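Note sheet for the following structure.
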Amino acid sequence: MSAWSKLLLNKPVLVCAIPIRRLTFQYLPASCEAVELRLDYLDNMELSPTLRRFIEDYVSHYPTIITIRERDEGGNRPVDPDIKYKILELSKDVGALIDIEASLLAKDPNTYGSLAEGSIVSRHVFNKGVNSYKLALNDIELAKRHGALVYKIFTVNDDEIMDLLNLMGKVGIHMAVIPRNPIYRATSIIMGSSLTYCSVKGKTGPGQLNIGMCSKIKLLRRSLSMFSTE
């Protein structure tokens, strides 16, 4: 069993999401169970020995997710696809868990298929006219076909959140549901979303709760779980 598979036994994993603007290592609060490095915040993102050392430093200290988000899925700035691929490949080689958009995987499975194995396949829905639930069903099959570890969906559609949360534990893959609405985000923690992304120094997404609040809600989940068994 991989380190991440073991970590996911204690859902939700509290992931501290950090917008990376400089390649400077920083220690995280003790409540952080993992870290997400959002590299799409870098001014000049390039594959370099400095970037490799930076990623390796985090991997040696924390379970680490590397994300280079596409602009149309909430990324901070446009990214060069070749550089993105090379950095994700490097990150996976040094032991990080990488995040790949389902849209990229569906469009170019020959390129991203091998990277998707054992990784996060993600979807980010910012359009209320999109049916997030139906999209998730298709994405989940795609993620499973490529051997992904986790399927993650962010959505602005509040009316689909409960349906998405009810999918968890029924689809044969770890699933993370990330609502924009902070109240539903707290609900997703209590219901056991595989991953919950929390802010430390600056939010990387709308509705993100800070790590202190995430930790309190997870403790509440544990208390409720103990109460239900008595």
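Residue numbers for the sequence shown follow our numbering, beginning at 472 and rising by one. Glycine included, every Cβ here is placed at the ideal spot set by N, Cα and C. Predicted, not measured: the structure shown is a model, and the values here were computed from it.
The DSSP-derived three-state label of residue 571 is strand.
Distance from the Cα of residue 529 is smallest, within the candidate group 555, 549, 638, 497, for 497. If the five residues before and after residue 615 are omitted, its C-beta is found closer than 7 Å to the C-beta atoms of 643, 644, all from its own chain and listed in chain order. Residues 571, 576, 617, 619 of the same chain have their beta carbon placed closer than 6 Å to that of residue 587, with the five preceding and five following residues left out of the count. About 7 Å separates the Cβ atoms of residue 535 and residue 505, confirming a contact at the 8 Å cut-off. With a beta-carbon spacing of about 11 Å, residue 638 and residue 603 fall beyond the 8 Å limit used to define contacts. Contact check for residue 544 against residue 593 passes: the beta carbons are separated by less than 9 Å. Here the stretch 679 to 690 makes contact with the stretch 476 to 488; the two share three or more CB pairs at distances below 8 Å. Bounds of the alpha helix (DSSP H) holding residue 521 are 520 to 532.
Going by DSSP, residue 480 is part of no alpha helix (DSSP H) at all; its letter is neither H nor E.
In the structure shown, residue 664 adopts coil according to DSSP, grouped into three states. With a cutoff of 9 Å on beta-carbon distance, residue 554 and residue 537 are scored as not near each other. In terms of Cα proximity to residue 629, the closest of 597, 693, 508 is 597.
Per the coordinates, the alpha-carbon of residue 568 lies some 10 Å from the alpha-carbon of residue 621.
Shortest Cα-Cα distance from residue 656 to any of 481, 624, 513 involves 624. Boundaries of the alpha helix (DSSP H) around residue 552: 552 to 564. Apart from sequence neighbours up to five positions away, the residues of its chain that approach residue 478 with a beta-carbon distance below 8 Å are 484, 504, 505, 534, ordered along the chain. Contact check for residue 541 against residue 574 passes: the beta carbons are separated by less than 9 Å. For the pair residue 539 and residue 559, the CB atoms are nearer than the 9 Å cut-off. When secondary structure is reduced to three states using DSSP, residue 594 falls in the strand class.
Setting aside the 5 residues that flank it on each side, residue 651 is surrounded in the same chain by 627, 677, 678, each with a C-beta closer than 6 Å to its C-beta; the list follows chain order.
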